[in-house]
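Enquirer: Counting in this note's numbering, the sequence shown runs from 150 upward without gaps.
We put the beta carbon where it would ideally sit given N, CA and C, even for glycine.
Given the structure is predicted, the values throughout are model-derived calculations rather than measurements.
So that we are looking at the same thing, I have put the structure below in structure tokens.
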Amino acid sequence: MGLTEEETKLSEKYQFFVGKELNKAIFRVKGKHMIEFAESVGLTSPKYTKVETGADGKPDYSGIVAVPTYPNCWTVDCCFDMVNWTYPESANKFITNYGKVLHTSQFYDYSKAEVPIQHGQKLYTTGILAKAYIKADKLWLENHLDTKTTDGKLVVQSRVMVCVRQGGY
Numbered sequence: 150m151g152l153t154e155e156e157t158k159l160s161e162k163y164q165f166f167v168g169k170e171l172n173k174a175i176f177r178v179k180g181k182h183m184i185e186f187a188e189s190v191g192l193t194s195p196k197y198t199k200v201e202t203g204a205d206g207k208p209d210y211s212g213i214v215a216v217p218t219y220p221n222c223w224t225v226d227c228c229f230d231m232v233n234w235t236y237p238e239s240a241n242k243f244i245t246n247y248g249k250v251l252h253t254s255q256f257y258d259y260s261k262a263e264v265p266i267q268h269g270q271k272l273y274t275t276g277i278l279a280k281a282y283i284k285a286d287k288l289w290l291e292n293h294l295d296t297k298t299t300d301g302k303l304v305v306q307s308r309v310m311v312c313v314r315q316g317g318y
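Written as structure tokens, this is what we have:
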């Protein structure tokens with residue numbers, strides 16, 4: 150990270166929130182939405198978009214999987230729970246101006262996934278604020294998230310970075 154001495158000192162105030170749990174997010178995976186998302190990011194491989202017609206004449210989405218960036222549909226929203234956090238001793242807000250909040254990056258790790266993301270799943274995302282620091286006059290917030298199925302099988306681990314510009318923290 151390479152923080153200056155001043156940035157390290159300014160970052161201390163925000164360590165109170167490191168380790169705090171984010172609100173759980175619930176997301177229902179729908180095949181039609183998976184295809185629309187894949188096409189919107191230019192991924193048209195049949196494994197993401199080819200739908201067979203079922204015996205009942207309706208689309209059968211069971212043969213497709215989500216594109217690797219599909220968790221963007223719910224992980225970013227999960228992180229915005231932080232805008233409501235307050236310091237207990239003063240009731241001052243952690244983030245003082247929502248208009249200064251930027252979603253800056255996300256990373257999805259499937260290396261420990263037990264099942265792929267597929268149509269019909271109900272997914273639950275939980276996570277924590279893992280890091281908080283000041284760098285270049287911005288508050289950087291790194292969130293670590295786990296998304297699991299109803300029966301607890303991991304589908305993806307995510308890391309989402311949020312930046313709060315000066316005047317918002």
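1. So, for Asn241: in the same chain, excluding its five sequence neighbours on each side, which residues have a beta-carbon less than 7 Å away from its beta-carbon?
2. Out of Asp230, Ala215, Ser254, state which residue places its alpha-carbon closest to the alpha-carbon of Ser194.
3. Would you identify the three-state DSSP class for Gln255, choosing helix, strand or coil?
4. Identify, in the order they occur along the chain, each residue of the same chain with its Cβ nearer than 6 Å to the Cβ of Thr296, setting aside the five sequence neighbours on each side.
5. With DSSP as the reference, please indicate the residues paired to Asp209 in a beta bridge.
6. According to the neighbour-count rule (16 or more other Cβ atoms, all chains shown, within 10 Å of its Cβ), is Ser254 buried or exposed?
7. Work out the CA separation of Arg177 and Pro208 for me, nearest whole Å.
8. Could you compute how far the alpha carbon of Phe186 sits from the alpha carbon of Tyr219?
9. When DSSP builds the beta bridges, which residues end up paired with Gln306?
10. Grab the span of the beta strand (DSSP E) containing Lys284 for me, first residue to last.
11. How big is the Cα-Cα spacing for Cys312 and Asp205?
12. Could you please give the first and the last residue of the uninterrupted beta strand (DSSP E) stretch that includes Phe186?
Expert: Quick answer:
1. The residue given as residue 241 occupies position 92 in the sequence shown. Around Asn241: Thr235.
2. The residue labelled residue 194 in the question sits at position 45 within the sequence shown. In terms of Cα proximity to Ser194, the closest of Asp230, Ala215, Ser254 is Ala215.
3. On the sequence shown, position 106 is the one that residue 255 refers to. Three-state DSSP puts Gln255 in a strand.
4. Here residue 296 is taken as the residue at index 147 of the sequence shown, counted from 1. Spatial neighbours of Thr296 in its own chain (CB-CB distance under 6 Å, excluding positions within 5 residues in sequence) are listed in chain order as Leu272, Thr274, Val304, Val305.
5. Looking up residue 209 in the sequence shown gives position 60. Paired residue(s): Glu201.
6. Here residue 254 refers to the residue found at position 105 when the sequence shown is read from its first residue. Flag for Ser254 reads exposed.
7. Residue mapping note: residue 208 aligns to position 59 of the sequence shown, counting from 1. Residue mapping note: residue 177 aligns to position 28 of the sequence shown, counting from 1. So the alpha carbons of these two residues sit roughly 17 Å apart.
8. Along the sequence shown, read from residue 1 onward, the residue named residue 186 stands at position 37. Along the sequence shown, read from residue 1 onward, the residue named residue 219 stands at position 70. The straight-line gap from Cα to Cα measures roughly 7 Å.
9. Along the sequence shown, one-based indexing puts residue 306 at 157. Per DSSP, Asp258, Asp295.
10. Position 135 of the sequence shown, counted from the first residue, corresponds to residue 284. Element bounds for Lys284: 271–284.
11. Stepping through the sequence shown from its first residue, residue 312 is reached at position 163. Stepping through the sequence shown from its first residue, residue 205 is reached at position 56. Answer to the nearest angstrom: the Cα atoms are 48 Å apart.
12. Here residue 186 refers to the residue found at position 37 when the sequence shown is read from its first residue. That residue, Phe186, is in no beta strand (DSSP E); its alpha helix (DSSP H) goes 180–189.
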